Each structure stands twice: as C-alpha cells, then as structure tokens.
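Chemist:
In the working numbering, the protein residues as written are 411 to 672.
#1: Drop a sphere of 10 angstroms on the beta-carbon of residue 468, count the other beta-carbons inside from all chains shown, and report buried for 16 or more, exposed for fewer.
#2: Taking 6 Å as the limit between beta carbons, can you name the residues of its chain near residue 531, skipping five residues before and five after?
#3: Could you please give the first and the last residue of the uninterrupted beta strand (DSSP E) stretch that includes residue 719?
#4: Is it buried or exposed for residue 485, if we count other Cβ within 10 angstroms and need 16 for buried?
#5: For residue 641, which of helix, strand or coil comes out of DSSP?
#6: Which first and last residues belong to the beta strand (DSSP E) in which residue 506 is found?
#7: Going by DSSP, name the residue or residues bridged to residue 495.
#8: Residue 520 to residue 510, Cα distance in whole Å?
#9: Where DSSP assigns a beta bridge to residue 566, which residues make up the other side?
#10: Nearest-angstrom Cα distance between residue 422 and residue 526?
#11: Classify residue 646: buried if its beta carbon has 16 or more other beta carbons within 10 angstroms, exposed otherwise.
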C-alpha cells in the first residue's frame with residue numbers, strides 16, 4: 411500500500427489500517443492531537459478499513475455505569491413485570507471500536523473498567539471484544555494524561571501534531587483486499603529472535619511493561635501481512651518500534667541502534 415510522502419503521515423495512515431486488521435489483538439491506540447480535519451480524516455480511514463459489520467461507538471462524557479456496562483432496565487422491567495437487562499455501550503461495541511474523546515480527563519475508575527474489558531473481552535456475561543481509540547487532547551504543558559492503566563493496554567501510540575497537513579490520500583478507502591489480508595495474517599511467521607529483539611529494544615528505551623513488546627510483535631505481523639509477506643521483514647519490525655515502543659521511550663535510544671531483525 412503506497413502511503414503519503416511525509417514519513418509521519420505515512421506511519422499514521424498505516425497505523426489506522428493495522429488497527430483495523432487486528433483491533434482486539436492491538437487493544438487500540440492513543441491518538442494525540444487537537445480536534446480538527448486531520449483527526450477526522452484519520453478516524454474515517456480507520457472506519458473504512460474495519461469490516462463493514464464492525465461497530466464504532468463514541469463514549470459520551472459522564473457516561474453512567476448502566477449505560478456503559480449494561481444492567482437492569484428499570485422502565486422495561488416495570489412494564490414487563492419481570493427483570494429486563496439492557497445492553498451497555500461496551501457490549502454493543504463487541505468486535506468493534508470504542509472512541510473516547512478527551513481521554514486525558516478520564517476518571518481512574520472508568521479507565522479501570524475499560525482496562526478490565528480489554529483484558530477479558532467480557533462485560534458481565536456479555537462479550538465485549540473491543541479496541542479503544544483514546545483521543546489525547548492535552549497540551550504539552552498540561553499535567554493531564556491518559557491513565558496508565560489504559561495506555562499500557564493500547565498497543566499503538568500516534569502524535570498527529572507531527573503531521574503538517576491532512577494528506578489527500580487519507581480520504582481514499584483502503585483496498586478491498588483487506589479481507590484477504592486478515593486471512594493471511596494468521597499464517598505470517600516471526601522467529602523467536604524477533605520477540606527477543608523487541609523485548610531488548612523495549613528495555614533499552616526504558617519500557618518495562620511486557621505488553622508493549624507483545625503489541626509490537628503483533629504490529630510487525632500485521633504489517634507483514636499487509637505487505638503481502640508470509641514472514642516478518644526488517645521494515646515491519648522497524649515500523650513496530652516506531653508505532654509502539656518509541657512513543658513510550660523514557661530513555662534515549664542507544665547509539666546506532668538497528669531495527670530488530672526477524
């Protein structure tokens with residue numbers, strides 16, 4: 411798939427497609443940037459790349475637990491004379507994506523509930539296999555950040571402020587071959603040495619959680635499938651480092667560090 415000439419825009423374009431290919435496996439994305447045409451175009455690209463039947467739900471501010479998680483529908487229960495349980499937003503988004511605006515202001519309790527659903531794929535007794543798009547609208551000098559309990563589980567991180575303008579290519583839907591790419595993804599191979607190399611890269615960058623290296627491996631596999639390869643190549647591993655590990659770095663990269671080899 412040919413991307414825009416701007417490297418940051420190219421990474422952003424492919425990130426939307428990779429998330430659509432493996433939403434539950436990657437968990438989601440922290441998308442930094444203020445509201446505007448660029449963010450709207452990126453979300454539209456994600457929507458176009460998802461299967462047509464995949465739901466995309468926006469999480470309203472101040473959502474109540476019954477609306478989020480489901481529970482007893484009092485009005486329907488009184489009308490029917492028996493307990494009626496309503497589906498919450500998370501169950502309604504099963505096999506799809508939940509979009510969270512202003513995620514940097516998310517209460518810790520809500521982040522914990524989303525983290526639990528991302529870990530289990532369930533809410534109460536209903537399936538809720540979701541990915542989360544967390545919009546981080548904070549400014550550089552603000553202390554508010556997306557809760558760590560959530561960011562640790564969202565494999566991708568992307569800063570739209572690094573992109574100067576909205577590329578025209580983003581308005582085009584991804585190729586219809588994505589259904590075949592999803593099938594190919596299950597057959598892509600990566601050696602044990604790649605997983606070890608990604609873990610070493612994470613440690614070198616000061617990333618101590620085990621989730622990011624695992625997410626980076628899934629990104630590399632999806633990138634290889636998207637490129638038509640049956641085995642992860644060096645460029646797939648390099649993309650995974652850029653989209654997953656580098657944004658989390660708390661230490662500078664070692665001098666002349668090479669991308670992990672597959």
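In this text, a Cβ means the ideal position worked out from N, Cα and C, and glycines have one as well. For clarity, every value in this text was computed on a predicted model and none was experimentally measured.
Modeler: Taking the coordinates as given:
#1: So residue 468 counts as exposed.
#2: Excluding its 5 nearest sequence neighbours in each direction, residue 531 has C-beta neighbours in its own chain below 6 Å: 539, listed in chain order.
#3: Nothing about residue 719 can be reported from this structure: the residues present for the chain run from 411 to 672 only.
#4: Residue 485 counts as exposed, since fewer than 16 other C-beta atoms from the protein chains shown sit within 10 angstroms of its C-beta.
#5: Strand, per DSSP.
#6: Where residue 506 is concerned, the enclosing beta strand (DSSP E) stretches over 506-510.
#7: For residue 495, which the question treats as bridged, DSSP gives the partners 482.
#8: Here the alpha carbon of residue 520 sits roughly 11 Å from the alpha carbon of residue 510.
#9: Per DSSP, 439.
#10: Using only the alpha carbons, I get a separation of about 27 Å.
#11: Counting the other Cβ atoms within 10 Å of the Cβ of residue 646 gives 16 or more, which makes it buried.
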